[in-house]
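*Asks:* Got a structure for you, written out below as structure tokens; questions coming shortly.
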Amino acid sequence: MKKWLALVLAAMMMLAVSAACAKTVEPEETEIEHIAGTTVHATVGAYNEEAGTFEVTLYELDRFEKEDIEKLEAGDILLGNGCVHKVKEVTKDDDGDQLVKTEEGLEIYFVQAGDDDLTARLTDDDRELMHAFAKLILPAAKDLVYEDQSDPEAENPTVYSSLEEILKVKAEKEETSIGFNFYSTQIELNKGLEIVKIHQDFDVAQ
Numbered sequence: 004m005k006k007w008l009a010l011v012l013a014a015m016m017m018l019a020v021s022a023a024c025a026k027t028v029e030p031e032e033t034e035i036e037h038i039a040g041t042t043v044h045a046t047v048g049a050y051n052e053e054a055g056t057f058e059v060t061l062y063e064l065d066r067f068e069k070e071d072i073e074k075l076e077a078g079d080i081l082l083g084n085g086c087v088h089k090v091k092e093v094t095k096d097d098d099g100d101q102l103v104k105t106e107e108g109l110e111i112y113f114v115q116a117g118d119d120d121l122t123a124r125l126t127d128d129d130r131e132l133m134h135a136f137a138k139l140i141l142p143a144a145k146d147l148v149y150e151d152q153s154d155p156e157a158e159n160p161t162v163y164s165s166l167e168e169i170l171k172v173k174a175e176k177e178e179t180s181i182g183f184n185f186y187s188t189q190i191e192l193n194k195g196l197e198i199v200k201i202h203q204d205f206d207v208a209q
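First residue of the sequence shown? That's 4 in the working numbering, and the numbers climb one at a time after it.
Here is the structure:
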């Protein structure tokens with residue numbers, strides 16, 4: 004009995020030490036200093052007709068230090084896509100790149116983005132990991148256009164230049180698909196922080 008108890012205590016101590024040694028890897032802080040005049044991933048939400056504004060949530064790619072990712076081990080914590088992921092296993096893919104398997108069943112691979120930075124993608128749908136960095140209310144420009152390139156078989160995007168048409172398509176996509184979701188949607192802003200273009204690409208969830 005004493006021997007069994009000693010083994011249990013030893014195992015608990017090993018788990019405690021393992022937990023204490025576990026690392027948490029987070030994306031680097033945002034590199035976006037100013038959004039005026041830029042194009043950025045965004046979820047485009049409700050339109051306020053009286054104010055002529057859209058509610059938007061802005062996203063940017065998760066960027067990790069290469070050295071941190073290379074040191075990941077089972078039991079570590081990875082913050083990606085705005086969620087906490089516990090690392091189950093770390094292997095190499097066919098190209099020799101780091102492949103992280105998480106406790107919830109995700110597989111994440113990393114892509115070189117600069118000398119020391121990596122971005123991350125999911126293996127099942129190739130989506131890039133991103134996180135929200137701002138929630139804003141931005142005005143729509145008078146010449147706002149919407150480029151719909153969500154049809155993978157279409158050679159050119161369908162362009163809508165009427166706000167009435169844009170809102171109609173937006174409502175239809177919100178009812179039948181993912182709407183103007185950040186995975187597939189980018190907005191272009193002018194220097195006055197007006198939305199001059201909404202561009203949407205294909206997404207696996209649509």
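Glycine included, each C-beta is placed from N, C-alpha and C at the ideal position. Quick caveat, the model's predicted, so the values are computed rather than measured.
What do you reckon, are the CB atoms on I198 and L139 nearer than 8 Å?
*Replies:* Against a cut-off of 8 Å, the Cβ pair of L139 and I198 comes out as no contact.
*Asks:* Could you check whether the stretch 157–166 touches the stretch 68–85, counting it as contact only if at least three pairs of C-beta atoms, one from each stretch, sit closer than 8 Å?
*Replies:* No, they do not touch.
*Asks:* Since E73 and K91 are thought to touch, with beta carbons under 8 Å apart, how far apart are those beta carbons, to the nearest angstrom?
*Replies:* Incorrect: roughly 17 Å between the Cβ atoms, too far for contact.
*Asks:* With a threshold of 16 other CB atoms inside 10 Å of the CB of Q203, please say whether the residue is buried or exposed.
*Replies:* Buried: at least 16 other Cβ atoms inside 10 Å.
*Asks:* Can you confirm whether D146, when its beta carbon is compared against all beta carbons of chain C, has any partner nearer than 8 Å?
*Replies:* Of the protein chains in this structure there is only one, and it is not chain C.
*Asks:* Is it buried or exposed, A208, if we count other Cβ atoms within 10 angstroms and call 16 or more buried?
*Replies:* When all chains shown are included, A208 counts as exposed.
*Asks:* How big is the Cα-Cα spacing for T41 and L121?
*Replies:* Rounded to whole angstroms, T41 to L121 spans 22 Å at the Cα level.
*Asks:* Quick check: is any heavy atom of the ligand SAM less than 7 Å from the C-beta of E63?
*Replies:* With respect to the ligand SAM, the structure offers nothing, as it holds no ligand at all.
*Asks:* Roughly how many angstroms lie between the CA atoms of L10 and K89, to the nearest whole one?
*Replies:* For L10, the predicted model reports a pLDDT of 39, less than 50, meaning its position is unreliable; a value from the coordinates is still stated below. Cα to Cα, L10 sits roughly 27 Å from K89.
*Asks:* Check whether the Cβ atoms of I190 and K176 lie closer than 8 Å to each other.
*Replies:* Going by C-beta atoms, I190 is not nearer than 8 Å to K176.
*Asks:* What is the DSSP secondary structure of I38, counted as helix, strand or coil?
*Replies:* Three-state result, I38: coil.
*Asks:* Name, in chain order, the residues that DSSP records as bridge partners for I201.
*Replies:* The partner list for I201 (beta bridge, DSSP) reads Y149, I190.
*Asks:* Confirm, please, whether the CB-CB distance from E131 to F64 is below 8 Å.
*Replies:* The question names Phe, yet the displayed sequence has Leu at residue 64. Their beta carbons are under 8 Å apart, which means L64 touches E131 by this criterion.
*Asks:* Tell me the start and end of each unbroken alpha helix (DSSP H) in the stretch 53–112 that is at least 4 residues and wholly inside, in chain order.
*Replies:* The stretch 53–112 contains these whole alpha helix (DSSP H) runs: 69–73.
*Asks:* What separation, rounded to the nearest whole angstrom, lies between the Cα atoms of K173 and H44?
*Replies:* Taking the straight line from one Cα to the other gives about 16 Å.
*Asks:* Measure the CB-CB distance between E68 and E110 and report whether it falls below 8 Å.
*Replies:* It is not a contact, given that the beta carbons lie outside the stated cut-off.
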